[in-house]
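Order-wise, the sequence lines are chains L and Z.
Residue numbers for the first sequence follow the numbering used here, beginning at 100 and rising by one.
Residue numbers for the second sequence follow the numbering used here, beginning at 100 and rising by one.
Everything on this sheet refers to the single structure shown next.
Number of protein chains: 2
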Amino acid sequence: MAYPQKTFAETKVHPGSLVGRRREIVSSTTLIYQLNVLKETGRYDAFKLGWHPSYSDPPLVWPIPNHLFWDSDVAKWIEGACYFLKQHSNSKVEAAVKELVEMIRSAQQPDGYLNIHFTVVEPTKRFTNLRDFHELYNAGHLIEAALAHQDLYNNDRFLETLLRYVDLLCATFGKGLNQLPGYPGHPEIELALLRLYEYTKDRKHLELATFFLTERGNPKGWYDRHYYDVESERRGDDPNKPPAYYPERRCLWYHQAQAFIAEQQTIEGHAVRAMYLLTAASDLVRVNPQAVDQKFEAAIYRLWDNMVQRKMYVTGGIGAMKRWEGFGLDYFLPQGTDEGGCYAETCAGIGVMMFAERLLQVRSNNNHAFMHFLANASAQLKLDGHFADVMELCFYNAVLTSMSHDGKRFTYSNQLASSDEELSQREEWFTCACCPPNVSRILGQIGGYVWSHHDKPDESSSEITVHLYVPSTLSFQVGSDTVELIQESEWPWGNGDIKFTLKTALPKVALRIPGWADSYKLSAECSTASTKNGYLDIPPNWLSQNSTFTLSIPLEPRLIAPHPFANQTTLSLARGPIVYCVEDADNPWVSDHFKAVQLDPRCKIEERSVYDDASGDSFVGLTVSDGASAIDLQKLQASPAVDAQASQHATPIKELQFVPYYFRANRGGKGQMRVGLRRAAPSAGK
Amino acid sequence: MAYPQKTFAETKVHPGSLVGRRREIVSSTTLIYQLNVLKETGRYDAFKLGWHPSYSDPPLVWPIPNHLFWDSDVAKWIEGACYFLKQHSNSKVEAAVKELVEMIRSAQQPDGYLNIHFTVVEPTKRFTNLRDFHELYNAGHLIEAALAHQDLYNNDRFLETLLRYVDLLCATFGKGLNQLPGYPGHPEIELALLRLYEYTKDRKHLELATFFLTERGNPKGWYDRHYYDVESERRGDDPNKPPAYYPERRCLWYHQAQAFIAEQQTIEGHAVRAMYLLTAASDLVRVNPQAVDQKFEAAIYRLWDNMVQRKMYVTGGIGAMKRWEGFGLDYFLPQGTDEGGCYAETCAGIGVMMFAERLLQVRSNNNHAFMHFLANASAQLKLDGHFADVMELCFYNAVLTSMSHDGKRFTYSNQLASSDEELSQREEWFTCACCPPNVSRILGQIGGYVWSHHDKPDESSSEITVHLYVPSTLSFQVGSDTVELIQESEWPWGNGDIKFTLKTALPKVALRIPGWADSYKLSAECSTASTKNGYLDIPPNWLSQNSTFTLSIPLEPRLIAPHPFANQTTLSLARGPIVYCVEDADNPWVSDHFKAVQLDPRCKIEERSVYDDASGDSFVGLTVSDGASAIDLQKLQASPAVDAQASQHATPIKELQFVPYYFRANRGGKGQMRVGLRRAAPSAGK
């Protein structure tokens with residue numbers, strides 16, 4: 100069992116690469132920028148438990164107090180800061196971490212309780228609304244922050260506090276006579292408790308996580324009824340007055356609590372909640388397999404499949420529905436507000452990465468789960484390599500797009516097309532500020548996603564599986580030896596050559612062959628290497644003779660499309676893991692958010708080298724110089740139908756310029772952008 | 100000014116034709132069937148003002164009492180019955196009408212008030228919730244019923260009662276010191292009052308309608324605020340507890356009250372409300388032009404255009420959104436529940452017919468409005484013929500599909516595709532039963548939609564405009580002469596020949612050339628006839644020599660599609676005014692609601708003659724024998740994208756059988772049906 104939150108420290112991302120540059124900007128700018136925002140908005144001092152004037156504000160989204168997540172905003176900033184501090188010192192950040200931890204310590208109540216809102220604003224209402232309020236979610240983020248802090252300082256200052264709080268939680272929740280058989284509406288604490296258990300080896304931490312995960316959705320969990328129904332009745336809720344964001348009056352699927360996890364058939368509801376929940380559920384399968392059955396495991400893969408095959412955008416974004424920040428119907432994937440939605444929240448993209456990373460580990464550590472997955476007839480996927488494909492897709496597109504090049508502007512939702520209602524642009528901050536510190540957090544630990552290694556129990560040898568091609572150096576101990584593997588490339592740019600240098604002989608290296616790759620080549624040639632489930636296994640004897648070798652995965656532009664059942668018929672450009680978009684900055688003639696632009700699937704795509712002055716970034720842009728056109732809408736009005744056999748009038752577009760989706764909204768302009776362009780329907784003639 | 104509710108009596112629809120057969124079944128079966136349902140459900144006796152046990156039931160849709168529309172159910176049945184009684188006597192129906200009218204008379208309160216709910220259940224709450232409760236809507240339907248009754252019996256028994264109620268309404272509503280400046284959340288009374296004014300010539304009836312139509316949406320209508328806001332506050336409504344069907348907490352556009360009518364830019368909200376409102380607004384332009392300005396007129400055409408070009412299904416149905424029974428975003432036209440919606444309520448289809456019919460009259464009676472329309476650059480339509488095209492489309496598809504062949508089963512929503520969640524099937528009745536009696540009502544007066552005639556002021560001559568080709572005889576008086584025009588055809592079947600026989604010389608006959616027609620031919624030839632705005636004008640001198648003539652409009656199968664911006668890329672089959680669908684009854688192999696079926700736009704379409712044993716109906720079926728296929732889904736899974744350049748695996752379908760959409764769900768089966776089939780994307784190769 101290895102968590103990227105720990106293993107990242109074994110990886111040095113090379114500066115100058117795309118990922119390296121993003122990490123540098125977080126380290127040099129974003130952490131301080133976000134710290135200042137925490138201070139300006141009152142979050143920084145909130146654990147002093149004074150009254151902040153904003154506590155009296157009416158909720159922006161009824162009934163959620165605007166400050167309800169402040170605990171987690173601070174916790175996530177600390178967690179991200181600790182990851183960066185582990186590799187780059189920064190006295191200002193360090194001082195703030197220290198001060199915050201002392202404030203958090205001082206905020207703890209005599210019985211161990213620790214929460215701003217339920218101490219300052221509604222002290223009599225602890226644990227009365229697990230469903231809608233974020234009490235246990237905040238606790239989970241504080242646990243994660245404390246673990247990162249402990250990993251960095253090993254001084255117990257933060258962890259000690261959280262352990263006392265967790266003691267209280269363990270006493271409060273469960274099936275015991277004086278316990279509450281409830282679980283959080285917003286999962287997070289489950290995955291935090293499992294990480295905590297890895298550190299403490301205290302079984303009650305494992306047991307509480309197991310309880311939360313196996314009890315969730317129990318239709319007869321409390322007094323023979325659903326916990327949330329009884330809880331709601333006890334509060335005296337009016338059933339005709341549900342929270343403003345509920346899709347329906349009684350809506351258990353919003354929280355993934357409509358059934359036991361094992362019995363959930365499709366992925367539903369709030370996307371971030373679903374991802375955090377399934378990340379923890381995947382962990383549980385490995386850590387506590389005897390607590391769950393095959394149905395529980397099967398559900399995890401079933402929900403993953405449903406998500407990836409039917410509810411994920413080509414950028415890796417998830418969640419079409421703004422109202423509940425979550426999943427819509429199968430194949431309902433509108434690109435923007437004026438087409439019916441598109442949310443693709445940054446945190447949900449990060450959640451997909453977490454979920455995928457955990458599934459990659461299930462393969463390695465728990466073959467019984469993996470074999471079960473293989474036997475699942477509906478899962479016609481490229482198995483483990485597929486999980487890394489999706490992880491990579493999410494990272495480079497749905498996640499990287501959420502921060503500006505200067506590290507000071509962020510997105511919350513990441514639509515695939517702008518509209519007059521929602522332009523493609525970033526904000527300085529959000530009232531509900533979950534996303535910006537989450538980006539810092541994931542970039543801080545990204546090294547843990549690049550590769551994984553598994554040591555033989557006797558520590559005599561190890562094997563490394565490379566998931567992502569990020570210029571970086573991996574270095575870790577096997578017994579008394581230091582193993583070092585270096586990958587050097589221009590990835591995701593350049594020609595796709597990755598040069599590996601291995602400093603110690605190992606039994607095996609497995610290199611991911613991306614699902615999108617048409618071909619690959621290993622130099623020197625290795626006749627005994629073979630691909631399995633999307634990974635190229637390189638045998639020990641060849642490695643011992645080839646300590647440097649090159650994997651070439653051609654990076655060429657290609658056209659991708661959503662499933663034909665998706666509610667759009669579009670084409671998008673991709674190159675390697677990068678998905679592209681059109682922006683008004685490069686195509687200034689646009690006035691309709693590229694709605695009328697169509698692409699012929701036989702179009703010619705050319706690469707161009709782009710250097711961006713403002714950011715100093717370079718990337719490969721794409722140009723379609725033959726095959727793009729704009730439908731002439733004046734000549735085409737439905738009344739309500741159009742003649743399907745008449746030829747469509749369209750004006751050719753001489754050159755249509757594409758930039759990486761992650762690069763959007765960095766250059767001002769009108770905020771017009773689109774990823775999926777209409778697929779031109781060839782005229783059938785009459 | 101002529102209302103189809105009056106002029107229908109001049110037309111005899113020929114028995115045996117499609118429309119004739121539907122009318123016969125209503126006359127012989129449906130009226131009695133519906134009467135029995137009214138009795139069984141308690142509606143029939145409700146005007147006796149006793150307590151019905153169901154009055155205590157909790158609302159199916161909070162906060163609307165389930166019986167709130169009972170007044171209108173009874174009124175619409177009476178109205179429809181009177182239309183049929185005018186042309187076919189039926190003693191049982193006549194006796195029921197008589198008894199109901201006496202009950203309604205007896206239900207009137209001393210001050211003229213007349214409403215079941217607000218007399219029996221909440222007598223202290225009259226006129227306190229114009230926004231959500233249907234008090235004035237019910238009043239409107241009672242006025243319409245009374246007018247139909249008066250037209251039939253001319254005995255004042257019903258109308259007298261309503262005139263007393265309207266007196267109370269005129270005193271209650273307006274801008275006066277002791278009046279309420281409100282207007283109904285569900286329009287209907289406006290069009291009823293305008294019809295009433297035509298009969299009574301009492302200006303206060305016109306003034307109340309004018310007030311309701313011009314005051315609607317006033318942001319400062321009451322104490323300098325929106326009427327609905329003040330009204331809501333007076334009720335003590337909790338703003339966080341809106342009616343369950345509201346799209347948003349404060350949602351004025353649901354009721355078309357977000358702005359003055361003149362300032363509304365797009366058609367929004369509840370579709371039936373919008374249609375009844377705009378029907379009345381169109382009437383007002385003609386009846387009381389000095390009360391409205393050019394902006395008011397322009398809005399009517401702007402909203403029509405927005406609806407037809409962007410928010411109407413190829414069947415003529417409107418309203419994609421089930422939650423608010425209304426309009427979605429521009430071009431958001433999913434075909435079924437599993438694609439994101441589709442409502443296309445029967446009453447909304449009838450409302451489109453009413454609105455279109457009124458617009459056809461604006462052309463004839465108010466040239467200033469018409470010229471204004473011509474000058475409207477955004478209205479690139481076929482002008483008046485276009486309105487009749489849409490009226491015809493709605494009638495034959497969105498409306499006729501709502502009643503079974505035996506006249507005893509009905510639909511409320513008319514989706515274009517079935518799904519596991521909502522099969523294509525009919526019901527015996529509905530708790531909210533607006534649709535079934537509305538179908539009887541429209542079929543009772545359909546003769547008034549077939550043609551219109553305008554007499555010269557001196558009654559020396561007349562002109563007839565033929566809108567619909569329905570085998571029928573028109574007969575009316577001009578001065579002391581009887582004018583008779585007969586049209587004979589197999590329409591909408593046969594080859595499209597329509598034989599006209601004119602019994603009196605007239606100055607002019609104009610025949611509609613449908614927008615969907617590729618060609619037409621008049622025999623004998625008439626070199627002086629010319630088409631204008633979709634109508635073929637036949638001059639008097641030719642008519643005086645050709646009292647019989649034939650118009651041939653070839654009825655051939657064709658492929659139609661929604662606008663390319665619609666959230667689907669589909670093809671549908673049509674033939675003349677009839678839109679087709681595929682059903683499992685003819686294609687029993689289907690198991691996926693035809694979701695995977697695709698059509699090549701170059702497919703061959705053949706006609707076949709179908710005789711339906713059960714109903715005795717004949718029609719033209721269509722068969723695609725080359726060009727239909729089913730996508731092989733096993734070979735195509737998005738993860739999340741698919742390779743846009745790979746060829747798609749599809750299995751050819753030997754013969755795909757189509758039947759008219761109106762004919763669906765008459766033969767049992769699995770309830771699987773679809774109108775729009777996926778347009779096959781030709782492979783681009785690699």
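Just so you know, even glycine gets a beta-carbon here, dropped at the ideal spot from N, CA and C.
Checklist entry - So, is the C-beta of residue 428 of chain Z closer than 8 Å to a C-beta in chain L? => result At least one beta carbon of chain L lies nearer than 8 Å to the beta carbon of residue 428 of chain Z.
Next on the checklist: Short of 8 Å Cβ to Cβ, which residues in the region 657-673 of chain Z face chain L?
Outcome noted: For the region 657-673 of chain Z, which is checked against every Cβ of chain L, the residues closer than 8 Å are 657, 658, 659, 660, 661, 662, 663, 664, 665, 666, 667, 668, 670, 671, 673.
Item to check | Whole-angstrom C-beta distance between residue 183 of chain Z and residue 246 of chain Z, which should lie under 8 Å | outcome: Rounded to the nearest angstrom, the Cβ distance from residue 246 of chain Z to residue 183 of chain Z is 16 Å, too far for a contact under 8 Å.
Checklist entry - In chain L, which residues lie with their C-beta within 8 Å of the C-beta of residue 368 of chain Z? => result In chain order: nothing, as chain L lies at least about 17 Å away.
Checklist entry - Using 8 Å as the limit for Cβ to Cβ distance, is residue 778 of chain Z near chain L? => result Yes, residue 778 of chain Z lies at the interface with chain L (some Cβ there is under 8 Å from its Cβ).
Item to check | Rounded distance between the beta-carbons of residue 536 of chain Z and residue 249 of chain Z, thought under 8 Å | outcome: That belief does not hold up - the Cβ atoms of residue 249 of chain Z and residue 536 of chain Z are roughly 19 Å apart, past 8 Å.
Item to check | Residues bridged to residue 620 of chain Z [DSSP beta-bridge criterion] | outcome: Partner(s): Z:651.
Next on the checklist: Give me the residue from L:543, L:621, L:689, L:615 with the minimum Cα distance to residue 633 of chain L.
Outcome noted: Relative to the Cα of residue 633 of chain L, the nearest Cα in the group L:543, L:621, L:689, L:615 belongs to L:615.
Checklist entry - In chain order, what residues of the same chain lie with their CB nearer than 8 Å to the CB of residue 623 of chain L, ignoring the 5 residues before and after it? => result So the qualifying residues of the chain are 645, 648.
Checklist entry - Is residue 730 of chain L helix, strand or coil when you go by DSSP? => result Strand at residue 730 of chain L.
Checklist entry - What's the C-alpha gap between residue 482 of chain L and residue 367 of chain L? => result Note that residue 482 of chain L has pLDDT 45, beneath the 50 cutoff, so the model's placement of it is unreliable and no number is given.
Checklist entry - In chain order, what residues of the same chain have a beta carbon less than 7 Å from the beta carbon of residue 571 of chain L, not counting five sequence neighbours either side? => result Excluding five sequence positions before and after residue 571 of chain L, the CB atoms of its chain that fall closer than 7 Å to its own CB belong to 110, 111, 112, 113, 546, 549, 586, given in chain order.
Next on the checklist: Quick check: what's the CA-CA separation for residue 736 of chain Z versus residue 429 of chain L?
Outcome noted: Roughly 13 Å between the two C-alpha positions.
Checklist entry - Is it the case that the Cβ atoms of residue 413 of chain Z and residue 775 of chain Z are separated by a distance below 8 Å? => result Yes, the pair counts as a contact, with Cβ atoms nearer than the cut-off.
Checklist entry - Can you give the beta carbon distance from residue 700 of chain L to residue 658 of chain L, rounded, assuming they're within the 8 Å contact cut? => result 6 Å between Cβ atoms; contact.
Item to check | Below-8 Å beta-carbon distance, residue 692 of chain L vs any chain Z residue | outcome: Not one chain Z Cβ lies under 8 Å of residue 692 of chain L.
Checklist entry - How should residue 160 of chain Z be labelled, buried or exposed, when 16 other C-beta atoms within 10 angstroms of its C-beta is the threshold for buried? => result It counts as exposed.
Next on the checklist: Does chain Z have any CB closer than 8 Å to the CB of residue 217 of chain L?
Outcome noted: With 8 Å as the cut-off, residue 217 of chain L does not count as an interface residue toward chain Z.
Checklist entry - Going along chain Z in order, which residues have a C-beta closer than 7 Å to the C-beta of residue 161 of chain L? => result 339, listed in chain order.
Checklist entry - What residue range is occupied by the uninterrupted beta strand (DSSP E) comprising residue 677 of chain Z? => result First-last of the beta strand (DSSP E) with residue 677 of chain Z: 677-682.
Item to check | Residues from the region 708-740 of chain Z in contact with chain L, defined by Cβ distance under 8 Å | outcome: Answer set for the region 708-740 of chain Z: 730, 733, 735, 736, 737, 738, 739, 740.
Checklist entry - Within 10 angstroms of its Cβ, does residue 372 of chain Z collect 16 or more other Cβ (buried), or is it exposed? => result The residue in question, residue 372 of chain Z, is buried, as its Cβ has 16 or more Cβ neighbours within 10 Å.
Checklist entry - Could you give the uninterrupted runs of the alpha helix (DSSP H) lying entirely in the region 363-387 of chain Z, keeping only those of 4 residues or more? => result Complete alpha helix (DSSP H) runs here, min 4: 370-386.
Next on the checklist: Could you tell me which whole alpha helix (DSSP H) segments of length 4 or greater appear in the region 159-225 of chain Z?
Outcome noted: When DSSP assignments are scanned along the region 159-225 of chain Z, the uninterrupted stretches of alpha helix (DSSP H) that are 4 or more residues long and fall wholly within it turn out to be 169-186, 190-206, 216-219.
Checklist entry - For the putative contact between residue 683 of chain L and residue 756 of chain L, defined by C-beta atoms under 8 Å, what is the C-beta separation to the nearest angstrom? => result About 10 Å; that fails the 8 Å criterion.
Item to check | Exposed unless 16 or more other CB atoms sit within 10 angstroms - verdict on residue 323 of chain L | outcome: Here residue 323 of chain L is exposed, its C-beta having fewer than 16 other C-beta atoms within 10 Å.
Item to check | Spatial distance of residue 340 of chain Z from residue 512 of chain Z (CA atoms) | outcome: Take the alpha-carbon of residue 340 of chain Z and the one of residue 512 of chain Z: they are about 27 Å apart.
Checklist entry - Comparing alpha-carbon positions, which option in L:664, L:695, L:765, L:713 lies nearest residue 437 of chain Z? => result Answer by Cα proximity: L:664.
Next on the checklist: Could you check whether the Cβ of residue 408 of chain L sits closer than 8 Å to any Cβ belonging to chain Z?
Outcome noted: With 8 Å as the cut-off, residue 408 of chain L counts as an interface residue toward chain Z.
Checklist entry - For chain L, is any of its Cβ atoms less than 8 Å away from the one on residue 488 of chain Z? => result Residue contact with chain L for residue 488 of chain Z: present (Cβ-Cβ distance below 8 Å to some residue of chain L).
Item to check | Neighbour-count burial assignment, residue 748 of chain Z, 16 or more Cβ in a 10 Å radius | outcome: Counting Cβ neighbours within 10 Å, residue 748 of chain Z comes out exposed, since fewer than 16 surround it.
Item to check | For residue 525 of chain L, three-class secondary structure by DSSP | outcome: Assignment of residue 525 of chain L by DSSP, reduced to helix, strand and coil, places it in the coil class.
Checklist entry - Since residue 404 of chain L is in the alpha helix (DSSP H), which residue starts that stretch and which ends it? => result For residue 404 of chain L, the enclosing alpha helix (DSSP H) has its first and last residue at 393-409.
Checklist entry - Are the Cβ atoms of residue 417 of chain L and residue 443 of chain L separated by less than 8 Å? => result Between residue 417 of chain L and residue 443 of chain L, the gap from beta carbon to beta carbon is short of 8 Å.
Next on the checklist: Does residue 143 of chain Z come out as helix, strand or coil in the three-state DSSP assignment?
Outcome noted: Correct three-state label for residue 143 of chain Z: coil.
Next on the checklist: Please classify residue 520 of chain Z as buried or exposed, where buried requires at least 16 other C-beta atoms within 10 Å of its C-beta.
Outcome noted: Classification of residue 520 of chain Z: exposed, given that the 10 Å Cβ count is below 16.
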